[in-house]
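Here is the structure we will look at, set down as structure tokens.
Protein chains: 2
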Amino acid sequence: MHDFALEGYHPGLSLDCVIFGFHENELKVLLLKMKNWDKWALPGGFVPKNMGVDEAAAEALFERTGLKDIFLRQFYLFGNPERNNADHVEKLVKRGVIQENLKSWFSQRFVSMGYYSLVEFSKVTPVPDTISEFCEWKPLSDLPPMIIDHEEILQRAYQTLKKELDDEPVWLNLLPEKFTMTELQTLYETILGKQLDRRNFRRKILSWEILVETGERRTGGRHKAPILYQFDLEKYDRALREGLKQGW
Amino acid sequence: MHDFALEGYHPGLSLDCVIFGFHENELKVLLLKMKNWDKWALPGGFVPKNMGVDEAAAEALFERTGLKDIFLRQFYLFGNPERNNADHVEKLVKRGVIQENLKSWFSQRFVSMGYYSLVEFSKVTPVPDTISEFCEWKPLSDLPPMIIDHEEILQRAYQTLKKELDDEPVWLNLLPEKFTMTELQTLYETILGKQLDRRNFRRKILSWEILVETGERRTGGRHKAPILYQFDLEKYDRALREGLKQGW
DNA sequence: AGATCTTTGCGTCATTATGACACAATAAGA
DNA sequence: TCTTATTGTGTCATAATGACGCAAAGATCT
Numbered sequence: 003m004h005d006f007a008l009e010g011y012h013p014g015l016s017l018d019c020v021i022f023g024f025h026e027n028e029l030k031v032l033l034l035k036m037k038n039w040d041k042w043a044l045p046g047g048f049v050p051k052n053m054g055v056d057e058a059a060a061e062a063l064f065e066r067t068g069l070k071d072i073f074l075r076q077f078y079l080f081g082n083p084e085r086n087n088a089d090h091v092e093k094l095v096k097r098g099v100i101q102e103n104l105k106s107w108f109s110q111r112f113v114s115m116g117y118y119s120l121v122e123f124s125k126v127t128p129v130p131d132t133i134s135e136f137c138e139w140k141p142l143s144d145l146p147p148m149i150i151d152h153e154e155i156l157q158r159a160y161q162t163l164k165k166e167l168d169d170e171p172v173w174l175n176l177l178p179e180k181f182t183m184t185e186l187q188t189l190y191e192t193i194l195g196k197q198l199d200r201r202n203f204r205r206k207i208l209s210w211e212i213l214v215e216t217g218e219r220r221t222g223g224r225h226k227a228p229i230l231y232q233f234d235l236e237k238y239d240r241a242l243r244e245g246l247k248q249g250w
Numbered sequence: 003m004h005d006f007a008l009e010g011y012h013p014g015l016s017l018d019c020v021i022f023g024f025h026e027n028e029l030k031v032l033l034l035k036m037k038n039w040d041k042w043a044l045p046g047g048f049v050p051k052n053m054g055v056d057e058a059a060a061e062a063l064f065e066r067t068g069l070k071d072i073f074l075r076q077f078y079l080f081g082n083p084e085r086n087n088a089d090h091v092e093k094l095v096k097r098g099v100i101q102e103n104l105k106s107w108f109s110q111r112f113v114s115m116g117y118y119s120l121v122e123f124s125k126v127t128p129v130p131d132t133i134s135e136f137c138e139w140k141p142l143s144d145l146p147p148m149i150i151d152h153e154e155i156l157q158r159a160y161q162t163l164k165k166e167l168d169d170e171p172v173w174l175n176l177l178p179e180k181f182t183m184t185e186l187q188t189l190y191e192t193i194l195g196k197q198l199d200r201r202n203f204r205r206k207i208l209s210w211e212i213l214v215e216t217g218e219r220r221t222g223g224r225h226k227a228p229i230l231y232q233f234d235l236e237k238y239d240r241a242l243r244e245g246l247k248q249g250w
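Note that the protein sequences, when read in sequence, are chains U and R. For this note's numbering, count along the first sequence from 1 and bump the result up by 2. For this note's numbering, count along the second sequence from 1 and bump the result up by 2.
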């Protein structure tokens, strides 16, 4: 294995991606289980010298999920000088997570750019990276112990997601192409952590005029078959630009 | 002069601060005029190795304005690999803006964290830094030519400010302690770039219940003396946490 | 002192958005 | 065909918003 520094990564800069998915009425996050260690980490990486930071984040996302052209957004630069302490690197080496020759690279002070991403759960094929044993979805409601400040990064991403939800219909990235109104409502309820009135929810969503009926219905349940909706991309793009509710 | 790198700055990372002020019914930005060069730059700096990134930004802000505990917020990490080109550094050296021995430091690829700040215009004492000739306010409506991508950074900060304005009463940071409703309205109109109805504006602002009357009025105009308001800090803090309009 | 000018404070009214809730329609299984 | 669960579509009262009118009050001018 080569030395990371020699391979030409931007010094002192790392990336952490909080990848959200929606499955079984739960919001889940894609996490990596460290080798020989009962700690989990956010997918992330470093920035090749010839690559933009956003580009490198998209690349990292692609490697873990197999997906391209995915919703991915900066939310905070974690720049506390104590966030990557020497003790942590020592543990990484001792447990064989990283090789001895990479110790100097990992011992740098890192400033980490936090990204959050919204993906369609069913399309993801989780792939572990070189320092992890496996990669899997974990519900936000039951998170495993995580390395250094990754739990804080995750929580901050979640707060940002909640806030963005008020302004932009970002949730489209979490759903499959066709979905029912109830599925969308459950997603909202899950993210916001509260119950919403079915009839008022429907009225509000439809008032944005970003959904169109597919003409199909979902059959199989022992009840009235619900309409399947999909996005009207043109109108959606306009809503994204202008915001759903423009004050003043 | 010492070598920047040896002085212990975090490598490849810089800061740019877009400092907004409100004066003479205009939104203005604090800019630095480069030495021997008709180009302007945003105040910024580098991050000392023992200092947090946010902390370093606050320090840079303090040095240019003399102000502490000021509204300062990250808005975007500029991470394009081409943003600091070799040609630009060559110019800096040739024009004597930076010394020859600093050339290697400035020739690094920099990733720059963008911050925007809101300050009370009258409290600022602009101070130039080592690479600039002077430091002054420039109206957003008539910006001078700027180095590398600083114009883009500035515009992006302005877009962010406009957006935040819908969710949070961040504008308080731009006004003096006591102000009239009309002054506040003019500020809104300036930032948003559109006229608002005086009576509806008043109703909406007061409905947030973050302002209290001081009991004083501003005299001197050839008309009815307007009430001077100030913030109710407690209520304002709550509004900041919850957002002014919580959807759902 | 009174007229004039300008901006302020505080309303009204019509329209729209929101919250709470009711009821008929329908897919699947008994 | 009957039952059950869930869906589609309403209504109604209340709150928020947009458009606009008018009297009150400082300062200046006559």
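All residues carry an ideal CB built from backbone N, CA and C; glycine is no exception.
Can you tell me the Cβ-Cβ gap for residue i and residue j, rounded? I've got them flagged as a contact below 8 Å.
| i | j | result |
| --- | --- | --- |
| R/G116 | R/F77 | 5 Å |
| R/L44 | R/L156 | 7 Å |
| R/W210 | R/L235 | With a Cβ gap of about 14 Å, R/W210 and R/L235 do not count as contacting. |
| R/L63 | R/S124 | Not really, about 16 Å apart at Cβ, beyond 8 Å. |
| R/P171 | R/A241 | 6 Å |
Work out the CA separation of residue j and residue i for me, nearest whole Å.
| i | j | result |
| --- | --- | --- |
| U/F80 | U/V113 | 6 Å |
| U/P13 | U/N103 | 16 Å |
| U/E65 | U/D71 | 13 Å |
| R/E28 | R/P128 | 18 Å |
| R/L255 | R/K180 | Residue 255 of chain R lies beyond the range of chain R shown here (3 to 250); nothing can be said about it. |
| U/R204 | R/L167 | 28 Å |
| U/K37 | U/N82 | 26 Å |
| U/N87 | U/D151 | 11 Å |
| R/Q197 | R/Y190 | 9 Å |
| U/K206 | R/E84 | 44 Å |
| U/L94 | R/R75 | 33 Å |
| R/I133 | R/S143 | 25 Å |
| U/D40 | U/P147 | 8 Å |
| R/K237 | U/N52 | 48 Å |
| U/A227 | U/E218 | 9 Å |
| U/W139 | U/D56 | 23 Å |
| U/F108 | R/L145 | 43 Å |
| R/K96 | R/P130 | 20 Å |
| R/P178 | R/I149 | 32 Å |
| U/C137 | U/Q161 | 23 Å |
Please report whether the beta-carbon of residue i lies at a distance below 8 Å from any beta-carbon of chain R.
| i | result |
| --- | --- |
| U/Q76 | yes |
| U/G195 | no |
| U/L29 | no |
| U/W173 | no |
| U/N79 | Note on residue identity: the sequence assigns Leu, not Asn, to residue 79 of chain U. With 8 Å as the cut-off, U/L79 counts as an interface residue toward chain R. |
| U/V107 | In the sequence as displayed, the identity of residue 107 of chain U is Trp instead of Val. U/W107 does not count as touching chain R. |
| U/W210 | no |
| U/W39 | no |
| U/W42 | no |
| U/W250 | yes |
Considering residue i, what are the terminal residues of the beta strand (DSSP E) in which it resides?
| i | result |
| --- | --- |
| R/V95 | Taken as a continuous stretch (DSSP letters only), R/V95 belongs to no beta strand (DSSP E), being part of the alpha helix (DSSP H) at 88-96. |
| R/M115 | 113-120 |
| R/V31 | 28-36 |
| U/V49 | 46-50 |
| U/H25 | 11-25 |
| R/K140 | 134-141 |
| U/T216 | 213-219 |
Output the boundary residues of the alpha helix (DSSP H) element that contains residue i.
| i | result |
| --- | --- |
| U/I251 | Since the first residue shown for chain U is 3 and the last is 250, residue 251 of chain U is missing from the structure and cannot be characterised. |
| R/W107 | 105-108 |
| U/L186 | 183-194 |
| U/F80 | Looking at the DSSP string, U/F80 is not in any alpha helix (DSSP H); the run it does join, the beta strand (DSSP E), is 73-80. |
| U/L230 | Here U/L230 belongs to no alpha helix (DSSP H); instead the beta strand (DSSP E) covers 229-233. |
| R/R158 | 152-169 |
Say whether chain U places a C-beta atom closer than 8 Å to the C-beta of residue i.
| i | result |
| --- | --- |
| R/N82 | yes |
| R/N52 | yes |
| R/R111 | yes |
| R/V55 | yes |
| R/G14 | yes |
| R/M115 | yes |
| R/L198 | yes |
Would residue i pass as a contact of residue j if the rule is Cβ separation under 8 Å?
| i | j | result |
| --- | --- | --- |
| U/L176 | U/F24 | yes |
| R/L33 | R/A58 | no |
| R/L69 | R/V121 | yes |
| U/V20 | U/A159 | yes |
| U/R255 | U/T192 | Given a span of 3 to 250 for chain U in the structure shown, any question on residue 255 of chain U remains unanswerable. |
| R/T188 | R/V126 | no |
| U/L194 | U/K164 | yes |
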